[in-house]
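Residue numbers (our numbering), protein chains in the order written: chain Z, 62 to 206; chain V, 4 to 228; chain P, 2 to 404. Every residue gets a Cβ at the ideal spot worked out from N, C-alpha and C, and that includes glycine. Owing to the predicted nature of the structure, the values given are computational and were not obtained by experimental measurement. The next block holds one structure in the form of structure tokens; read it before the comments.
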Amino acid sequence: MTNKTTTLSKNQKLILTLLQEAQQKTGFISEEAMVGIAESLGISRSDVYGVATFYSFLSVQPQGRNVIRICKSLPCHLKNGQEIIESLEKQLGVKPGETTPDGKFSFTLTNCIGECDQAPAMLINDDVHGNLTPDKIARILKTYK
Amino acid sequence: MADITVTMNGKQVGGPAGITILELAKQNGIDIPTLCYLEGLPPTGSCRVCVVEVEGSRTLVASCHTPISAGMIIQTHSPKVLEARRVIVELLLASHCGTCYMCEKANICELREVAVDLDVGVPRFPIRRRFYPIEDESPYITRDLSKCILCRKCIRACNEVAKKHVYAMGYRGFDSKVVVDFDEVLNKEVCRDCGICIPYCPTGALSNPQKSRKDKKGPPLVIKG
Amino acid sequence: MPEKRIVLKNCGVIDPRRIDTYLQQDGFKAWQKASAMTPEQVIAEVKASNLRGRGGAGFPCGLKWEGARNAPGAEKFVICNADEGEVGTFKDRYILQNDPFSLIEGLAIASHAVGARQAYIYLRGEYRFLLSQLRGAIRQAKEKGFLPHVDIEVREGSGAYICGEEMALMESIEGKRGEIRYKPPFPTTQGLWQMPTVINNVETLMNVAPIILNGAAWFNQIGTERSKGTKVLSVSGDVAKPGVYEIVLGTTLKELIVDLAGAKNIKLVQIGGATGRIVSASMLDTPLAFETMLSAGAITVFDETRDVIDIVHRTMEFLAEESCGKCSPCREGCGIIVNILERFIKGTATPKDITTLEQLSSAMMLTSLCGLGQAAPNSVVDSLKYFRSAYEERMKKVEVVAR
Ligand SMILES: Cc1cc2nc3c(=O)[nH]c(=O)nc-3n(C[C@H](O)[C@H](O)[C@H](O)COP(=O)(O)O)c2cc1C
Ligand code: FES
Ligand code: FES
């Protein structure tokens, strides 16, 4: 392997980092952002899109201001996970994969988030909320704008 | 130049260090089926049809990317190997579009050829097809991704041979798909000409709109069923 | 006494945001000792300790370090795998939350031993809330002069279980899709950017400082013949006290989940998460060690009210969603298993479906490109072994029709 290809590929390590930054900044990765990344790194649009669509925390569709990811994996499921998911669905009035009409919350199901000792658990943006009950969810949702 | 000796199907054979099991088999006239291997380009190891049995290994190993090492005892066509290959081909057929009788490339289809060689019939598995609309906007390439087996040959041909970087892998898992730009239809804007990728495609996913019905080489291959 | 604190000894004792509280607990003493030793001496000590990787495969840590140290390469890298994506594991999170300094000390020693000037911690996206504390801990260690030889950078994942697999993880650090690369070549010779790379789990690295400080002979006194030291396990599911437990290797499953965690009416236990094994209640006396059935640190307990097929179905759904999609047996096979299991749930399955499950499982285990596909059918195979009647009861009642 020549030095030239090493520096080139080291440059490409920025794809994921830049996509993560775009996601953090605007809540999703717009086409303009992807075009910008492709041009600045000298790689194809397809390659940028390929990375963006591989990771489930990156989104190429606009998202609500806050993203709720509620865990559906087995340990949470054993602790009434299904009921909690249904309760969240009712409180938000949207189905998994959808965004509330006011644009406040996007809501998705996710796999184990590593909080199974506090099952059932969810992430809102980067915050962890465990030992969920329908009442607790109602209180938590109020704290997000 | 034979500096590594291995046992292949009971016979002692030798080859230079660094070559793969597949290359050694070829040199010795042993035919191992492949679907994603491309001579001269780096392997991806994605189709797994080329697996062989190597004594001492917990799993089968893919011959297209495993280098030979001294003393290896290799079986390229043991019952275990053949059964594993059959399962893989059936898995690919279970998500393949299933309209071979209408397919442009039916008679040169590598998937069909491998299936026939392995005596594979109708898949034993539940059918789960991927449905995509046929992309026929480009005057150079017709793309029907419901026939795609995700071998990535077109991506490598476009990147390494044509040096155009039109294709990339998108999405994940079962939803994986060869994407163009932001998952757009292949048209004149994104892919200007060449069509270099078409002969690389082992199935009818990529075909030449102009050469309609001229790809036929011989009598149709029949899949038992 | 099955519980013993080596890895978790500082958890709850120190303030994870203040390095001085760590220094009061002999923090970085091991680093000082190691930095006075040659890299070869450090590797020899770790090899002699028989420390095995805690990330799943149980590979001898010292051998891995030696491999990367001796491999030719212009640069070398050490990576800490903090991707912890396996269903039911949270021990690495607990460690990062409570004692980031021991991990940094372990990384500093590993980098010295391997000759790496750049180290990475790959933190899963789900643990982003730990990012600033972790970066703060690295900054403090640097300010105190404990990292003269290496830069530690934290890289974030973005929600992909497969990025816990070492090859996919390196692809992800390189900025690409987290897809599997075939082996060989192994990371120790051609890893990150084709350079020799050591990749270790969080918990593996947590063991390094105590080993250097107390010596390999001390470590060898703990554990079983082939599994030395302790293991940190995440216990969840139908237990009174879910949580993180550190036990001496060789402790039985029963001591852990019944005596410590308070499980009752156990039907089955899933050990190692979605890619792990399922054992029935009759096997609770099995010792937990690498030579028996230990892999990743997840222990999920299911009581008698739970349905085996539902458990396996959900496990397979997880794997189908998280398969990277590169190789055909895993990409196509996981989903097909889900579909077949659905037939049992709906009651439309036939005896042929059991045969198909077995044939498919066997082929996936033999041909998949990486550990995910190879281990994906574990729950199917084990449940068919121990709970076959659950499948048979759910089959379609066959009517004999005269032809
Ligand atoms: C599908 C899959 C997922 C994995 N996930 C993790 C993980 O989350 N954390 C981890 O440390 N190792 C994980 N591993 C194991 C790693 O590939 C690798 O063996 C490990 O990080 C090596 O570290 P160790 O030697 O310290 O155990 C995973 C392996 C597979 C096949
Ligand atoms: S299963 Fe829900 S956090 Fe682990
Ligand atoms: S030809 Fe070897 S994996 Fe496809």
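Closer than 8 Å: leucine 295 of chain P CB and nearest ligand 1 heavy atom = No, the beta carbon of leucine 295 of chain P sits no closer than 8 Å to any heavy atom of ligand 1.
Along the chain, which unbroken stretches of the alpha helix (DSSP H) at least 4 residues long are found entirely within the segment 270-307 of chain P?
-> Complete alpha helix (DSSP H) runs here, min 4: none at all.
Members of the segment 152-173 of chain V near chain P, C-beta cut-off 8 Å | Ile152, Leu153 and Met172
Simplified DSSP assignment, three categories, for valine 245 of chain P | strand
Under 8 Å by Cβ, that's how I've got glycine 334 of chain P and methionine 365 of chain P pegged, so tell me the actual separation to the nearest angstrom.
-> 5 Å
Roughly how many angstroms lie between the CA atoms of valine 123 of chain V and isoleucine 341 of chain P, to the nearest whole one?
-> In a straight line, the C-alpha of valine 123 of chain V is about 20 Å away from that of isoleucine 341 of chain P.
Residues near glycine 30 of chain V by beta carbon distance below 7 Å, same chain, minus five either side | The question names glycine, but residue 30 of chain V is glutamine in the sequence shown. Cβ neighbours of glutamine 30 of chain V beyond the five flanking positions: Gly18.
Considering only the beta carbon of each residue, do leucine 135 of chain Z and valine 339 of chain P sit closer than 9 Å?
-> no
Mind checking the segment 156-173 of chain P against chain Z and listing, in chain order, the residues whose C-beta falls within less than 7 Å of any C-beta there?
-> Glu157, Ser159, Gly160, Ala161, Tyr162 and Ser173
Are there three or more Cβ pairs, one per stretch, closer than 8 Å when the segment 193-210 of chain V is compared with the segment 127-134 of chain V?
-> no
Does the Cβ of serine 133 of chain P have 16 or more other Cβ atoms within 10 Å, making it buried, or fewer, making it exposed?
-> exposed
Can you tell me where the beta strand (DSSP E) with threonine 169 of chain Z in it begins and where it stops?
-> Note, threonine 169 of chain Z: beta strand (DSSP E), 166-171.
When every heavy atom of ligand 2 is checked, does at least one fall within less than 8 Å of the C-beta of alanine 83 of chain P?
-> no
Is it the case that the CB of leucine 33 of chain Z approaches a heavy atom of ligand 1 more closely than 8 Å?
-> Nothing about residue 33 of chain Z can be read from this structure; chain Z reaches only from 62 to 206.
Taking the DSSP output, what are the residues bridged to lysine 14 of chain V?
-> By DSSP's assignment, lysine 14 of chain V forms a beta bridge with V/Met11.
Excluding the 5 residues preceding and the 5 following leucine 79 of chain Z in the sequence, name in chain order all residues of the same chain whose CB lies nearer than 6 Å to its CB.
-> Counting only Cβ-Cβ distances below 6 Å, and skipping sequence neighbours, we find Ile98.
Proximity winner among P/Leu214, P/Cys328, P/Asp383 and P/Pro186, relative to valine 270 of chain P (alpha-carbon distances) | Ranked by how close their Cα comes to the Cα of valine 270 of chain P, the residues P/Leu214, P/Cys328, P/Asp383 and P/Pro186 have P/Asp383 in first place.
Reference arginine 289 of chain V; option with closest CA among P/Glu323, P/Arg278, P/Asp239 and P/Phe303 | What the structure shows of chain V is the stretch from 4 to 228, and residue 289 of chain V is not part of that stretch, so it cannot be assessed.
Run through DSSP, which three-state label would threonine 252 of chain P get?
-> Threonine 252 of chain P falls in the coil class under three-state DSSP.
Can you name the residues that DSSP bridges to tyrosine 170 of chain V?
-> V/Val183
Isoleucine 248 of chain P vs valine 302 of chain P beta-carbon contact at 9 Å | Not in contact: isoleucine 248 of chain P and valine 302 of chain P (Cβ atoms no closer than 9 Å).
Beta-bridge pairing of glutamine 241 of chain Z - partner residues as DSSP gives them | No answer is possible for residue 241 of chain Z: it lies beyond the span of chain Z, which begins at 62 and ends at 206.
Glycine 74 of chain V (DSSP reduced to helix, strand or coil) | coil
So which of P/Gly192, P/Ile279, P/Asn201 and P/Gly158 has the shortest CA-CA distance to glycine 179 of chain P?
-> It is P/Gly158.
Residue range of the alpha helix (DSSP H) that phenylalanine 102 of chain P falls in?
-> 101-115
What does aspartate 239 of chain P reach in chain Z if we use C-beta pairs closer than 7 Å?
-> Leu139
Cut-off 7 Å between Cβ atoms - residues of its own chain near leucine 153 of chain Z, not counting five sequence neighbours on either side = Thr161, Phe166 and Phe168
Residue from P/Trp32, P/Gly372, P/Glu394 and P/Ile181 whose Cα sits closest to the Cα of valine 151 of chain P | Per the Cα distances, P/Trp32.
Give a yes or no on contact between the segment 378-396 of chain P and the segment 82-99 of chain V, applying the rule of three or more CB pairs nearer than 8 Å.
-> no
In terms of alpha-carbon separation, which member of P/Val240, P/Ala217, P/Ala241 and P/Phe291 lies closest to threonine 252 of chain P?
-> The shortest C-alpha separation from threonine 252 of chain P is found at P/Phe291.
Is the CB of valine 121 of chain Z under 9 Å away from at least one CB in chain V?
-> Chain V contact via Cβ: present.
Return yes when the Cβ of lysine 255 of chain P is within less than 9 Å of the Cβ of aspartate 304 of chain P, no when it is not.
-> Between aspartate 304 of chain P and lysine 255 of chain P, the gap from beta carbon to beta carbon reaches 9 Å or more.
Chain Z within 9 Å of valine 16 of chain V, Cβ atoms only | no
Closer than 9 Å, CB to CB, is proline 243 of chain P near chain V or not?
-> No, proline 243 of chain P does not count as interfacial toward chain V.
Neighbour flag for valine 183 of chain V against chain Z, beta carbons, 9 Å | yes
Check whether the Cβ of glutamate 41 of chain P sits closer than 8 Å to any heavy atom of ligand 2, and report yes or no.
-> no
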